[in-house]
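**Student:** Residue 121 in the numbering used here is what sits at position 99 of the sequence shown, and the numbering runs on without skipping anything.
The structure is given below, and queries will be raised subsequently.
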Amino acid sequence: MPRGQSTVELAMIAPVLVMLLISTIDMGRAAYIYVTLSNAAREGARAAILTGPAGATDTGVVTQVEKLAPWVRLSAASCPNNQPADPPSPPPNTGLVWVSAPASPPPGASTVNAPRGQVAATAVGSCDAVNPAFKGRYPLAVTVRYYYQPLTPFFNVSFVMSFTSTMTTEY
C-alpha cells in the first residue's frame, strides 16, 4: 500500500518540479543573453572607434559583436547606419545590430554615423547616407536589439532586449 501511495504522490508533484526546473533554465538563458549582449554591444562600440591602418567597417563591427555573443543569433540590420526611432522587432530569438550616430547626439554633433573604414555612400531607399568618421572626435553608437522568447510555453512572456553603447572616436 505505501508503495502505491508514493507513486501517486510522485505523479502529482513531478510535473510541478519539472516545470520549475525548465522555467529556471529559461530564466538563466534570459540572464545569459542579457549579459552577453550588453558586453557585445560595448565591445562592438570599442571596435568601431579604435584607430588602425584600415579602420573599422560596419561589417567588421557586426562581426565583432557576433563573435562576442556565442549561442545568440545576430545579424546586421537592413540599414545598419540609421536606426529608426521605432526600430522593428527581429524574429523570435534573433537580434539586429546597428552601427550609427547616437539616438540623442550631443548639441552641435555632426552627422557622422559610421566607423572610419566604412565607404561613404548617398541615401538609398529608406537608408540614410553613410557618413564615416575620419578625423576628429565623434560619438558612435552600437545598438543590439534582441527578441527573447522562452523555449517553453509555460509562461508566454516574450520581450525585446535593447542594448546601446556609445563611445567617441579616437582618430
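Glycine included, each C-beta is placed from N, C-alpha and C at the ideal position.
Please tell me whether Val166 and Ala62 are closer than 9 Å, where the distance is taken between their beta carbons.
**Tutor:** It is a contact, given that the beta carbons lie within the stated cut-off.
**Student:** Since I believe Val87 is in contact with Leu194 (beta carbons under 8 Å), could you give me their beta-carbon distance rounded to a whole number of angstroms?
**Tutor:** Coverage of the chain is limited to positions 23 through 193, which leaves residue 194 absent and any answer about it impossible.
**Student:** Tyr169 and Ser180 - do their beta-carbons sit closer together than 9 Å?
**Tutor:** Yes, they are a contact pair.
**Student:** If you draw a straight line from the alpha carbon of Asp48 to that of Asn178, how long is it in whole angstroms?
**Tutor:** Distance between the alpha carbons of Asp48 and Asn178: 11 Å.
**Student:** What did DSSP end up calling Gly117 once you bin it into helix, strand or coil?
**Tutor:** It is a strand residue.
**Student:** Kindly give me the distance between the Cβ atoms of Pro154 and Pro127, rounded to whole angstroms, as I take these residues to be in contact under 8 Å.
**Tutor:** Actually they are not in contact, since the Cβ atoms of Pro154 and Pro127 sit about 16 Å apart, beyond 8 Å.
**Student:** Between the beta-carbon of Asn135 and the beta-carbon of Val146, is there less than 9 Å?
**Tutor:** Contact flag unset, no.
**Student:** Can you pull the DSSP bridge partners for Arg167?
**Tutor:** Looking at the DSSP assignment, Arg167 forms a beta bridge with Leu118 and Ser184.
**Student:** Nearest by alpha-carbon distance to Gly158: which of Gly74, Glu192, Thr144 and Ala76 is it?
**Tutor:** The shortest Cα separation from Gly158 among Gly74, Glu192, Thr144 and Ala76 belongs to Glu192.
**Student:** Taking its Cβ as the centre, do 16 or more other Cβ atoms sit within 10 Å of Phe71, making it buried, or is it exposed?
**Tutor:** Inspection of the sequence shows that residue 71 is occupied by Ile rather than by Phe. Buried, by the Cβ-count rule.
**Student:** Do you know offhand how far Val141's Cα is from Thr79's?
**Tutor:** Cα to Cα, the separation comes out at about 8 Å.
**Student:** Leu162 bridges to which residues according to DSSP?
**Tutor:** Note: Leu162 sits in a beta bridge opposite Met189.
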